[in-house]
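Report on one structure; see the data block that follows.
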Amino acid sequence: MAKTLIIVESPAKAKTISKFLGRNYTVKSSMGHVRDLPRSQFGVDVEQRFEPKYITIRGKGELLKELRQAAEKSDNILLAPDPDREGEAIAWHLAHALKMEIDQNCRIQFNEITKGAVTNAVKHPRKINFDLVDAQQARRILDRLVGYNLSPLLWRKVKKGLSAGRVQSVTVRLICDREEEINEFEPEEYWTLDGVFQVKTEKLEAKLAKLEGKNIEIKSRQDMERVLAELQDCTYIVDDIKKRDKKRNPVPPYTTSSLQQDAYRKLNYTARKTMRIAQQLYEGINIGKEGAVGLVTYIRTDSTRIAESAQQEVRDYIKERYGSRYIPEQPRQFGNKKSAQNAHEAIRPTDIGRVPKEIKEYLSRDQYRLYTLIWKRFLASQMSSALLESTTVLISGGKYLFKATGSIIKFAGFMEIYIDDDESIQEKYDLLPEVNIGAKLELDQLIDKQHFTQPPPRYSEASLVKTLEELGIGRPSTYAPTIETIISRGYVAREEKQFHPTELGLVVVQLLKEYFPDIVDAEFTASLETELDEVEEGHRDWRDVMEYFYGPFKELLDKAEEEMGQVEIEDEVSDVLCEKCGRNMVIKFGRYGKFLACPGFPDCRNTKPLLEEIGVKCPLCEGKIVGRRSKKGRKFFGCSNYPDCNFISWAKPVEERCPECNTYMVEKQSKKHGTRVECGNKECTYRRQVKKQAEQ
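Going by the numbering used here, 1765 is the number at position 692 of the sequence shown; the sequence numbering is gapless.
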């Protein structure tokens, strides 16, 4: 029998795949790319139509030697990196390094790491797809043209250590522009009015909606007092009751972007953590007697397509576990955006029969939670629609009209498995009290509330990923590293789960907007992504794309070199003295927010946390409670007298004491319960809701 060498890019993947194949197969790992552009040189010959100069990546020499030795002992070589542009480029670089015939059928790919998928792929090798290789090569060179020209310019004009990139600079601009919107926002006052009506032993709450048939707007306290006066002696009649059934359809299975967003909202995972755990689930987990097997399909995808075999499998599972009523007549198909790579599938379990609870013992806590999210979302996506009965009650009071709405679930359908919020079905939907048209209602009370319009919120990681996807900036695999880069470079800081631009970020974006408007323009960046897609589809030559971009860019670069002046960024000086040299320490931004540093660097390298006082005394001593950061950047609260006092709390302490046990109290927030304070003593169950003040 012929000996076959299979090369994948990760050791975990190699370990899983080797268990599916017989003795005649050897599976090795390339540990990612083996060749790349040099880090210490530009590495692109612009005069020779952007010819790249590839070198063996430092440290990969021994690995390549091992792969060559294994190749010499084999009759066939199959290249099996991931099924995307990056994987195709890795295969091409491997073929070059191993001196393989470039037009032979040596490339295999699979969307899931299961025995069936791998053995089928081995039987059907194909040639390397050079359209995919060229698309990856174009992206890499395009990023090199921007990064290796702009970054040195920023070093010279602003500050050493800065970087600029085709995707990262647009991302920073989004955050800076949002901050500008917030700063320029002027709140407007408005009021709402709720009427509470007595219906036998129940209460019916309705919102004031119309005045003389038109939508009502109340913009001041004087307006509200006039409305209250006119409603004082009104008779309240049930004017109309409208009931209608409406369907609620399930959402599609996950793409990379939607998985990152949901994992952030539901599990509090960063995009980077989500991708790391998802990669583990994809590459293979040891499931007892079954051995190592990939639990989910390929995790870098923007497609919602589902393989027919997987659809049939999940439909059989639904029928067996839930009954025929929970299966739609036709398998569900979801629309994709134009740029989606339909050769890929959505992220789904490789076997719907691997129920999360049944394999929980083989998974870490993080793996189990993410796998459960993927499993539930996929299962729900192929179930019947939920059927809701929506009821609207209109209550007239003179020339005013109040409106109450409620819903009940007549058939849960997919909502048995997955709903958008972490709430039960019964908590999410409310049934209104039974009333009849023409019934006279007794007014219990009128509740007026003052509000102010809110500025747009700062980006969270989930909303930033969503915006990047909607604007067509970057691709699924780029979101996590882009976010990590802009934080590590000090352009933005993550505070209270929101991104704030630093002064450095604001200055750099302003310079780029002035001298390189296209580089930080979302529309221009998205159009470049479209051109790279056209290269992948074989419709554009990658070198033409480079020429289209580089000519105008080089002109702007030369102009900026001449006209851009030196920019000084002054650090904010604090009143904290450096205990090593006596200078006033300055406030700087790191990847986990602000910290104090000595301005005498490099002679004095002293740094310390920037302590944020919250106005609460330490419950153990006379110190003050201050906000701190853990080594991983998570915020916690401790005593200013540390290490003499070791008080610590993940939740924010408040000044008041528990009325039941006199222990300190902490403030907690959740989507379900809002803001509440509860006792810091785990054995005490005291808690209370915090009444909201007028919204601002």
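Glycine included, every Cβ here is placed at the ideal spot set by N, Cα and C.
Any 3 or more C-beta pairs closer than 8 Å across the region 1702–1716 and the region 1594–1608: no
Quick check on the burial criterion: 16 or more other C-beta atoms within 10 angstroms. Buried or exposed for H1169?
exposed
Notebook entry, point to check: Cα-Cα, which of K1741, Y1342, G1655, G1688 is closest to T1680?
Noted result: G1655
Note to self: So T1598 and V1240 are supposed to be a Cβ contact under 8 Å. How far apart are they, rounded?
What the structure shows: 7 Å
Worksheet item: Under 7 Å between the Cβ atoms of R1749 and K1755?
Response: no
> DSSP three-state call for Y1491: helix, strand or coil?
Replying inline: coil
Residues in the same chain with beta-carbon distance under 6 Å from C1651, minus the five sequence neighbours each way, listed in chain order, please.
M1658, C1671, N1679
Taking the C-alpha atoms as reference points, what is the distance between N1735 and E1393?
54 Å
- Query: S1466: which of G1673, K1472, K1476 sits nearest, CA to CA?
  - Reply: The residue you asked about is not Ser; residue 1466 is Val in the sequence shown. For the residues G1673, K1472, K1476, the minimum Cα distance to V1466 belongs to K1476.
Taking Cβ to Cβ, would you say Q1209 is nearer than 7 Å to R1158? yes
* To do: Have a look at Y1737, L1669, E1285, S1103 and flag the residue whose alpha-carbon is nearest the alpha-carbon of K1472.
  => E1285
Can the beta-carbon of G1367 be found closer than 7 Å to that of Y1355? yes
Practice item. Pull up the CB-CB distance for L1786 and C1718, whole angstroms please, since I reckon it's below 8 Å. Key: Missing from the structure shown is residue 1786; the chain here goes from 1074 to 1769 and no further.
Query - Buried versus exposed call for K1133 [16 or more other C-beta atoms within 10 Å across all chains shown] - result: buried
**Segments assigned beta strand (DSSP E), at least 3 residues, entirely inside the region 1656–1689** = 1657–1663, 1666–1670, 1680–1682
Q) So, are the CB atoms of H1524 and Y1263 less than 7 Å apart? A) yes
**Per DSSP, the bridge partner or partners of E1645** = I1660
Q) Apart from the five residues on each side of it in sequence, which residues of its chain come closer than 8 Å, Cβ to Cβ, to F1023? A) Here the chain covers residues 1074 to 1769 and nothing more, so residue 1023 does not appear.
**Asked** Between the C-alpha atoms of R1616 and A1211, what's the straight-line distance to the nearest angstrom?
**Response** 8 Å
Problem - Per DSSP, the bridge partner or partners of F1283 - result: Note on residue identity: the sequence assigns Lys, not Phe, to residue 1283. In DSSP, K1283 forms a bridge with N1288, L1474.
So, is S1331 buried or exposed, given that buried needs 16 or more other C-beta atoms within 10 angstroms? buried
Check your understanding: Taking just the CA atoms, how far does Y1759 sit from L1436?
Key -> 35 Å
- Secondary structure at I1481, three-state DSSP: helix, strand or coil? strand
Buried or exposed: where does D1318 fall if 16 or more other Cβ atoms within 10 Å of its Cβ makes it buried? exposed
- R1251: buried (16+ other C-beta within 10 angstroms of its C-beta) or exposed? buried
* Give the straight-line distance between the Cα atoms of S1099 and K1570, rounded to the nearest whole angstrom. => A small fix is needed here, since residue 1099 is Thr in this sequence, not Ser. Near 46 Å, if we compare the C-alpha coordinates of K1570 and T1099.
### Query
Between the Cα of S1224 and the Cα atoms of L1630, A1282, K1316, which residue gives the shortest distance?
L1630
Local Cβ density within 10 Å of Q1295, reported as buried at 16 or more and exposed below that: exposed
Does the pairing of the region 1109–1128 with the region 1612–1628 give three or more beta-carbon distances under 8 Å? yes
Item to check | Ranges of the alpha helix (DSSP H) found wholly within the region 1375–1454, counting only runs of at least 4 | outcome: 1381–1395, 1438–1454
**Asked** In chain order, which beta strand (DSSP E) runs of at least 3 residues are fully inside the region 1300–1382?
**Response** 1309–1321
* Contact set for D1427: own chain, Cβ-Cβ below 7 Å, skip 5 residues either direction -> Checking the displayed sequence, the identity of residue 1427 turns out to be Arg instead of Asp. L1368, listed in sequence order.
Q. Among residues of its own chain, excluding the 5 on either side of I1255, which ones have a beta-carbon nearer than 8 Å to its beta-carbon?
A. P1528, P1529, R1531
Q1102, enclosing beta strand (DSSP E) - first and last residue: Residue identity differs from the one stated: residue 1102 is Ser in this sequence, not Gln. Unbroken beta strand (DSSP E) run through S1102: 1098–1102.
> Which residues mark the beginning and the end of the alpha helix (DSSP H) in which E1596 is found?
Replying inline: 1595–1609
Report back the beta-carbon spacing between I1181 and L1151 to the nearest angstrom; my notes put them in contact at under 8 Å. 5 Å
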